[in-house]
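Everything on this sheet refers to the single structure shown next.
Numbering (UniProt numbering), first residue to last: 1 to 164.
Pasting the structure below:
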């Protein structure tokens with residue numbers, strides 16, 4: 001392509017890794033798998049604190065409600081999904097660990113933010129994949145062989161993790 005064709009912008013790629021054609025592609029720099037891993041390790045610490053605060057609140061509410069609120073303790077099992085849904089589905093489009101590394105989650109075709117439900121399902125698929133070794137390997141292989149570094153659960157929901 002020449003430099004003066006409409007829709008061609010050198011240096012920018014669309015989510016499929018192809019040069020932009022037929023309009024302005026979403027300009028982004030894809031996140032590395034190493035950066036995503038470090039962000040998740042940081043998020044583990046934040047999830048631990050979030051779960052501890054939630055457990056303390058439920059325990060105190062349980063005392064105040066004569067044990068009735070203790071029925072909320074099972075929610076602690078999904079606190080990681082809840083943390084991701086709240087943070088990724090929020091206005092910053094990223095978890096606290098992702099923010100520290102300058103990453104965010106977007107819909108790659110439009111660059112639009114991710115809603116709460118999609119962010120929660122994204123986290124659920126991640127935790128399902130990471131809980132079984134074979135699914136986790138398949139998920140990571142997608143990221144290793146694709147030029148845009150999108151993992152299997154990213155592809156299923158049509159999301160991308162990009163750098164700010």
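Even glycine gets a Cβ: it sits at the ideal position worked out from N, Cα and C.
- When DSSP states are grouped into helix, strand and coil, residue 106 belongs to the strand group.
- DSSP places residue 160 in the strand class (E or B) of the three-state scheme.
- For residue 57, the closest C-alpha among the options 44, 40, 75, 130 is that of 75.
- Contact between the stretch 36 to 44 and the stretch 100 to 113 is present, with at least three C-beta pairs closer than 8 Å.
- Between residue 51 and residue 94, the CB-CB gap reaches or exceeds 8 Å.
- With fewer than three CB-CB distances shorter than 8 Å, the stretch 104 to 122 does not count as touching the stretch 132 to 146.
- Remark: C-beta atoms of residue 89 and residue 114 approach each other more closely than 8 Å.
- With 16 or more other CB atoms across the displayed protein chains lying within 10 angstroms of its CB, residue 123 is buried.
- No Cβ-Cβ contact shorter than 8 Å links residue 143 with residue 44.
- In this model, residue 125 and residue 153 are separated by some 6 Å (Cα to Cα).
- Counting along the chain, residue 100 sits inside the alpha helix (DSSP H) bounded by residues 96 to 100.
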